[in-house]
Structures are given as C-alpha cells and as structure tokens.
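Heads up, the thing below is written out as structure tokens.
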Amino acid sequence: MKTFKEVRDRNYKDEYKKFQSSPERIKYRSELVKFNREKGTYGNGDKKDASHKGGKIVGFEPQSKNRGRAEASRLKKVK
1 MKTFKEVRDR NYKDEYKKFQ SSPERIKYRS ELVKFNREKG TYGNGDKKDA SHKGGKIVGF
61 EPQSKNRGRA EASRLKKVK
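Rendered as structure tokens:
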C-alpha cells in the first residue's frame with residue numbers, strides 16, 4: 001500500500017501529459033476527430049462522443065456514458 005507521502009508527491013499533471021503525448025494516444029484521438037469531422041459533428045456542441053466497441057468506432061453516444069464507462073471499471077465491485 002502506498003503511503004500518503006508517495007501519493008502526495010506524485011505528479012499527476014506530468015503523468016497525464018506523458019500518457020496523452022504517446023504515439024498510441026495521439027493516433028487514437030486523431031481517429032476520433034477524423035470520424036467526427038467526416039460526420040459533420042465536430043465542434044457542434046451536441047455533447048456526443050464517438051464510441052468504441054471492439055477497437056472500432058461504432059457511432060455516437062452521450063459523452064457522460066462514454067467517458068464514465070472507463071471509470072466504472074476501476075470502481076470497487078459490490079458483492
């Protein structure tokens with residue numbers, strides 16, 4: 001288990017920057033933006049995100065559902 005000091009001293013901003021600047025993440029984001037532009041939905045404020053299933057873009061869904069799904073996988077499971 002990590003101590004409070006280890007957690008406190010962790011630089012989340014640098015971790016996020018490093019993760020998002022990796023070639024895989026840049027490619028992933030560019031695919032999403034390209035899909036949105038092709039569909040004419042890029043920057044229109046409709047609160048929809050391109051959704052992935054099985055590694056492929058399958059359509060649009062509300063951003064709250066799309067972004068919340070990854071978070072749910074990290075939550076404690078209730079028995």
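Using the UniProt record's numbering, the letters of the sequence shown correspond one by one to residues 1 to 79. Just so it is clear, CB atoms sit at the ideal spot from N, CA and C, and this is done for glycine as well. These figures come from a predicted structure and were not determined experimentally.
| request: Starting from K5, follow the beta strand (DSSP E) in both directions and report where the run begins and ends. | output: Counting along the chain, K5 sits inside no beta strand (DSSP E); it lies in the alpha helix (DSSP H) bounded by residues F4 to R8.
| request: Tell me K56's beta-bridge partners as DSSP assigns them. | output: Its beta-bridge partners are K53.
| Run through DSSP, which three-state label would K77 get? | coil
| So, using beta-carbon positions, are S64 and V58 closer together than 9 Å? | no
| field | Proximity winner among K76, D46 and G54, relative to P62 (alpha-carbon distances) | value | D46
| query | In three-state terms, what does DSSP make of K34? | reply | In the structure shown, K34 adopts helical secondary structure according to DSSP, grouped into three states.
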